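S.K.:
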Amino acid sequence: MRIIIALITALAVSLLSGPFVIAKLRSMKFGQQVREEGLEEHYKKQGTPTMGGFIFIVGILVSVFITNGFITESLMITLGMLLFGAVGFLDDYIKIRKERSEGLTPIQKIGMTTVFSLIMGLILLWYFNGGQGLHLNVQGRFFHLNPFFYLIFVVIFYTAAANSVNLADGVDGLCGSVTGVVAVFYIIFLLTKGAFIQQSYSMAAYAAALLGGLGGYLYYNWHPAKVFMGDTGSFALGGLLATLAIQTNTEILFILIGLIYVIEALSVIIQVTYFKRTGKRIFKMAPIHHHYEKEGWNEKKIVAVFSAFTAVTCLLALLIIR
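If you're matching positions, the sequence shown starts at 1 in our numbering and goes up one per residue.
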């Protein structure tokens, strides 16, 4: 019942708050800045309200407060979502105010994500593990990391998760749909195989709130989108998912669960590295969803294929979990 209430509450709040958030963003002229080197088809999206991630963030916050109250595990996930959402918000704000497609510099973004990752790591380390480090679950075998290497791992994990989820946001409905599938995975995983995880039902309710919040948001973000989540939303999702993965000992498995995020990030790394060395491109455009746009795929097809792919990787993850 808690799972159902969490999902419905987040869905309702997101649907109801959507028009208000979109109207407010329009009145404040918080419009999307499209890159000059981007796809021509995307030029018409210039000025579409961004920072729409507030729609599902509000839905999640209200839902989780009602269903979970102030349970520590929920507060940690919320903290991860809000801290990294703040990075995205600042990035969006700079883009809008300076009317350019780039916000924070790479160094500024890495610096902020590193600091927030350390904050999350220290809290998780001392509160949940008594300062003893972290046990990574690899196919049912647990490997211990001492506190120093744990913090290094946390910084890398949060930074990778936030930036890879951010790169998956570039087509109407894509990031929200893929992350919705990941949320379904965590609901099923925590209800069926999460007996060893502290507060597994509370975290399943959080995943349900995530699913409901994204469902409400996608109503307004489906092609043609009336609003974009912006870096505010994508970084918030990255922080949320990273914290959820750490608290459920699925950090390593997250590579498979969120494989589409990994592929999106790798496509950019490969493209940039290869171009710097050879002056040529492997993909027609990166991240890889833009490559498929160049190949003639419409946005709805990309969302459908990438979401189905994520459903398959999530199913595989469920099958191999011990």
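Here a beta-carbon is modelled for each residue, glycine too, at the ideal position from N, C-alpha and C. In this text the structure is predicted, and so the values were computed from the model without any measurement.
So who's on the other strand from Gly31, going by DSSP bridges?
M.R.: Against the sequence shown, residue 31 aligns to sequence position 31. According to the DSSP secondary-structure assignment, Gly31 is paired through a beta bridge with Pro49.
S.K.: Tell whether a beta-carbon distance below 8 Å holds between Gly296 and Phe84.
M.R.: Taking the first residue of the sequence shown as position 1, residue 296 is located at position 296. Taking the first residue of the sequence shown as position 1, residue 84 is located at position 84. No, the Cβ-Cβ distance between Gly296 and Phe84 is not below 8 Å.
S.K.: Starting from Lys109, follow the alpha helix (DSSP H) in both directions and report where the run begins and ends.
M.R.: The residue you call residue 109 lines up with position 109 of the sequence shown. Residues Pro106 to Ile123.
S.K.: Using the C-alpha atoms, what's the distance from Phe228 back to Gln330?
M.R.: In this structure the chain extends from 1 to 322, so residue 330 is not present and cannot be described.
S.K.: Within its chain, find whatever has a CB closer than 7 Å to the CB of Ile30; leave out the 5 residues flanking it on each side and keep chain order.
M.R.: As a working mapping, residue 30 is identified with position 30 in the sequence shown. As written in the sequence, residue 30 is Phe, which differs from the Ile given in the question. Answer for Phe30: Pro49, Thr50, Met51 and Ile96, listed in chain order.
S.K.: By the DSSP assignment, the alpha helix (DSSP H) with Pro147 in it spans what residues?
M.R.: In the sequence shown, counting from the first residue as 1, residue 147 sits at position 147. Where Pro147 is concerned, the enclosing alpha helix (DSSP H) stretches over Pro147 to Leu167.
S.K.: Determine the closest residue to Lys45 out of Phe283, Pro224 and Leu237, with distance taken between C-alpha atoms.
M.R.: One-based indexing of the sequence shown puts residue 45 at position 45. With distances taken between Cα atoms, Lys45 lies closest to Pro224.
S.K.: Could you tell me the boundaries of the alpha helix (DSSP H) in which Gln247 lies?
M.R.: Position 247 of the sequence shown, counting from 1, holds the residue named residue 247. Segment Gly230 to Gln247, the alpha helix (DSSP H) holding Gln247.
S.K.: For Glu264 and Ala286, I'd like the C-alpha separation in whole angstroms.
M.R.: Residue 264 sits at position 264 when you count from the first residue of the sequence shown. Residue 286 sits at position 286 when you count from the first residue of the sequence shown. Whole-angstrom Cα-Cα distance: 8 Å.
S.K.: Alpha carbon to alpha carbon, how far is Ile156 from Leu124? Give it in angstroms, no decimals.
M.R.: Start at 1 with the first residue of the sequence shown, and residue 124 comes out as number 124. Start at 1 with the first residue of the sequence shown, and residue 156 comes out as number 156. About 15 Å.
S.K.: Report the start-end ranges of each alpha helix (DSSP H) in the segment 244-282 that is 4 residues or longer and not cut off at the edges.
M.R.: The qualifying runs are 254-257 and 259-278.
S.K.: Assuming His223 is part of the alpha helix (DSSP H), what are its boundary residues?
M.R.: Taking the sequence shown and counting its residues from 1, one reaches residue 223 at position 223. Premise fails: His223 is in no alpha helix (DSSP H) and is neither H nor E.
S.K.: To the nearest angstrom, how far is it from the Cα of Gly215 to the Cα of Val182?
M.R.: Numbered from 1 along the sequence shown, position 215 holds the residue referred to as residue 215. Numbered from 1 along the sequence shown, position 182 holds the residue referred to as residue 182. Whole-angstrom Cα-Cα distance: 13 Å.
S.K.: Between the Cα of Gln199 and those of Gly69, Leu61 and Leu25, spot the shortest distance and give me the residue it belongs to.
M.R.: Working through the sequence shown from its first residue, we reach residue 199 at position 199. Answer by Cα proximity: Gly69.
S.K.: Taking only the alpha-carbon atoms, compute the straight-line gap between His290 and Trp126 and give it to the nearest angstrom.
M.R.: Locating residue 290 in the sequence shown gives position 290, where the first residue counts as 1. Locating residue 126 in the sequence shown gives position 126, where the first residue counts as 1. Roughly 42 Å between the two C-alpha positions.
S.K.: What distance in whole Å lies between the Cβ atoms of Leu318 and Ile187, which are believed to be in contact at a cut-off of 8 Å?
M.R.: The count along the sequence shown starts at 1 and reaches residue 187 at position 187. The count along the sequence shown starts at 1 and reaches residue 318 at position 318. About 11 Å; that fails the 8 Å criterion.
S.K.: Alpha carbons only, please: which of Leu241, Gly80 and Gly103 is nearest the one belonging to Val115?
M.R.: Against the sequence shown, residue 115 aligns to sequence position 115. Out of Leu241, Gly80 and Gly103, Gly80 has the C-alpha closest to the C-alpha of Val115.
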